[in-house]
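In this note's numbering, the protein residues as written are 810 to 1241.
Here the structure comes first, spelled out in structure tokens, and everything after it is commentary.
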Ligand code: UD1
């Protein structure tokens, strides 16, 4: 088991390069199997979730060729199974994108039914409603979802709730349905737009992605393409919060500042100076006193739920009482107990965290409860000027952050990835 060990208190400074968006990559990789021609995707983040999905894609028979660390070539002509194993779904929920991709291409697919996860129950009823509207028979039994159709027909689908996953899944199936599909109340996240652009580059006819209404005119087949994944807004936002919490001054490169507006606006509310460039953004928090603010997570362009824990850590160091309302997932404040062990003063009432700012965090041994909360605890450790922080269960963090500790070291953090008690003690001796 590996840990991060952190001696905090150093303001982060310098510049950091952001990789491709994990959540966009997962949609693109699944969609890549929808043609029998070669698809090359670059700017892929080398993170565990992406590698697990590539494993699932290989497992159903597609050909996956790693060109380099961030580039892969996929060929879906060799697919010989339409059934995605539970092992993959268990490790990464987004394996269910293969349902939409396989159903669109072969009109038949089966994946294990994903269960809940650390942050909430996460039903997939809207995905299934969408497939049914396109004419598929969808069945859930024996822990499996199976969907099958003679042919898929375009349809008018209203999403009762804004769902990234359902929008992407239905989009893929609709791309190869007969006739026109309208998805209303669609998710507008940048990765939904990225998947739509990707499918269009394969010959699909999708308009309106990035708005509430997506219109798809089905095509008979898709062709090969070469495509680059958009930058990861959550990785970028995480480094922005790390800069803020450590009173640093960091240039975050290779980003689309527009995608970061909600995070930028809240950090500015909290007193940070945000400078935007074409494809970079600087967070200046040196010599600023962090101020209280209120945050509510909402679908894009609202404040992302995936940035909620990191922002809470920043506000834990602000003057006054802040509130953070989580409106997307029902169980996303579990890390608060860990943060309390570092001196955070946070009370959770229903879906609202009431945060009384404190002067500083103190190092402690904590465990990452999930991916983003894990990253947030690392930020708290970087900000803690007193003591050493040890973060356990960092496999959660490795699901979505490439070379996290290396990138943080590049901007001055004293953080190491270690394995076991002996190495932890060695680090503590070195820094004390
Ligand atoms: C995606 C992201 C995840 C992010 C989330 C919200 C990926 C791989 N994951 O997850 O990192 O936190 O968006 O931005 O891109 N819901 C239903 N029924 C459904 C589907 C969703 O009720 O069929 C609910 C969910 O429980 C949740 C809300 O809708 O309350 C939004 O979920 P959704 O946007 O679907 O999240 P994911 O696609 O799972």
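Glycine included, every Cβ here is placed at the ideal spot set by N, Cα and C.
Selection from the options that minimises the alpha carbon distance to residue i
{"i": "residue 1044", "options": "1102, 820, 1183 and 1005", "result": "1183"}
{"i": "residue 1125", "options": "1107, 1103 and 1210", "result": "1103"}
{"i": "residue 850", "options": "841, 963 and 858", "result": "841"}
{"i": "residue 870", "options": "963, 887 and 859", "result": "887"}
{"i": "residue 1097", "options": "1115, 1127, 1157 and 1114", "result": "1127"}
{"i": "residue 820", "options": "1209, 1189 and 1001", "result": "1189"}
{"i": "residue 1099", "options": "1169, 1085 and 833", "result": "1169"}
{"i": "residue 997", "options": "1192, 1233 and 1113", "result": "1113"}
{"i": "residue 975", "options": "1176, 933, 959 and 1011", "result": "933"}
{"i": "residue 1215", "options": "818, 810 and 824", "result": "824"}
{"i": "residue 1192", "options": "811, 1016, 810 and 817", "result": "817"}
{"i": "residue 1140", "options": "1131, 1121, 1160 and 1095", "result": "1160"}
{"i": "residue 1266", "options": "1085, 867, 839 and 892", "result": "Because residue 1266 is not part of the residues shown, which for the chain are 810 to 1241, the question remains open."}
{"i": "residue 1179", "options": "1226, 1071, 1142 and 1083", "result": "1142"}
{"i": "residue 860", "options": "889, 900 and 848", "result": "900"}
{"i": "residue 883", "options": "896, 946, 868 and 897", "result": "868"}
{"i": "residue 905", "options": "894, 1083 and 914", "result": "894"}
{"i": "residue 1134", "options": "1119, 1234, 1053 and 1107", "result": "1107"}
{"i": "residue 1109", "options": "970, 1062, 879 and 947", "result": "970"}
{"i": "residue 1131", "options": "1147, 1101 and 864", "result": "1101"}
{"i": "residue 878", "options": "863, 1224 and 1042", "result": "863"}
{"i": "residue 1206", "options": "1223, 1198, 1042 and 1185", "result": "1185"}
{"i": "residue 890", "options": "866, 973 and 875", "result": "866"}
{"i": "residue 903", "options": "1064, 1033, 833 and 1071", "result": "833"}
{"i": "residue 915", "options": "880, 844, 1240 and 853", "result": "844"}
Three-state secondary structure assigned by DSSP to residue i
{"i": "residue 1086", "result": "coil"}
{"i": "residue 904", "result": "helix"}
{"i": "residue 762", "result": "With the chain covering only 810 through 1241, there is no way to say anything about residue 762."}
{"i": "residue 1142", "result": "coil"}
{"i": "residue 854", "result": "coil"}
{"i": "residue 1024", "result": "strand"}
{"i": "residue 993", "result": "strand"}
{"i": "residue 895", "result": "helix"}
{"i": "residue 1066", "result": "helix"}
{"i": "residue 1179", "result": "coil"}
{"i": "residue 1012", "result": "coil"}
{"i": "residue 1060", "result": "strand"}
{"i": "residue 953", "result": "strand"}
{"i": "residue 1040", "result": "strand"}
{"i": "residue 1135", "result": "coil"}
{"i": "residue 867", "result": "helix"}
{"i": "residue 1147", "result": "helix"}
{"i": "residue 1096", "result": "coil"}
{"i": "residue 945", "result": "coil"}
{"i": "residue 1018", "result": "strand"}
{"i": "residue 1232", "result": "helix"}
{"i": "residue 1052", "result": "helix"}
{"i": "residue 889", "result": "coil"}
Presumed contact (8 Å Cβ cut-off) between residue i and residue j, rounded CB distance
{"i": "residue 939", "j": "residue 962", "result": "With 8 Å as the limit, residue 939 and residue 962 do not qualify as a contact, their Cβ atoms being about 13 Å apart."}
{"i": "residue 1196", "j": "residue 1229", "result": "Actually they do not touch by this definition, with Cβ atoms about 20 Å apart."}
{"i": "residue 814", "j": "residue 1208", "result": "With a Cβ gap of about 20 Å, residue 814 and residue 1208 do not count as contacting."}
{"i": "residue 1073", "j": "residue 1083", "result": "5 Å"}
{"i": "residue 1174", "j": "residue 811", "result": "Incorrect: roughly 14 Å between the Cβ atoms, too far for contact."}
{"i": "residue 1220", "j": "residue 822", "result": "6 Å"}
Ligand 3 heavy atom lying under 8 Å from the CB of residue i
{"i": "residue 935", "result": "Among the ligands present in this structure, namely ligand 1, ligand 3 is not found."}
N- and C-terminal bounds of the beta strand (DSSP E) containing residue i
{"i": "residue 1197", "result": "1197 to 1201"}
{"i": "residue 919", "result": "917 to 921"}
{"i": "residue 1223", "result": "1223 to 1228"}
{"i": "residue 884", "result": "880 to 884"}
{"i": "residue 823", "result": "822 to 826"}
{"i": "residue 872", "result": "872 to 877"}
{"i": "residue 1104", "result": "1103 to 1105"}
{"i": "residue 965", "result": "965 to 967"}
{"i": "residue 1158", "result": "1154 to 1158"}
{"i": "residue 1247", "result": "It is not possible to answer for residue 1247, since the shown part of the chain is limited to 810 through 1241."}
{"i": "residue 813", "result": "811 to 816"}
{"i": "residue 930", "result": "Premise fails: residue 930 is in no beta strand (DSSP E) and is neither H nor E."}
Residue range of the alpha helix (DSSP H) that includes residue i
{"i": "residue 1214", "result": "1213 to 1219"}
{"i": "residue 832", "result": "831 to 841"}
{"i": "residue 934", "result": "934 to 942"}
{"i": "residue 1204", "result": "1204 to 1207"}
{"i": "residue 977", "result": "973 to 984"}
Item to check | contact_flag[the region 1054 to 1061, the region 1086 to 1099] where n(CB pairs < 8 Å) is 3 or more | outcome: yes
Item to check | Contact the region 1194 to 1214 vs the region 1156 to 1166: 3+ CB pairs below 8 Å | outcome: no
Next on the checklist: Count Cβ pairs between the region 966 to 975 and the region 989 to 1006 that sit closer than 8 Å; are there 3 or more?
Outcome noted: Under the three-pair Cβ rule at 8 Å, the region 966 to 975 counts as touching the region 989 to 1006.
Next on the checklist: Three Cβ pairs or more, each shorter than 8 Å: is that satisfied between the region 812 to 831 and the region 1138 to 1158?
Outcome noted: no
Next on the checklist: When you compare the region 1034 to 1041 with the region 1072 to 1085, are there three or more beta-carbon pairs, one atom per stretch, that lie closer than 8 Å?
Outcome noted: Judged by Cβ distances under 8 Å, the region 1034 to 1041 makes no contact with the region 1072 to 1085, as fewer than three pairs qualify.
Checklist entry - Are there three or more Cβ pairs, one per stretch, closer than 8 Å when the region 1022 to 1032 is compared with the region 978 to 987? => result yes
Next on the checklist: With three or more beta-carbon pairs closer than 8 Å as the criterion, would you say the region 948 to 958 touches the region 910 to 928?
Outcome noted: The region 948 to 958 makes contact with the region 910 to 928; the number of CB pairs closer than 8 Å reaches 3 or more.
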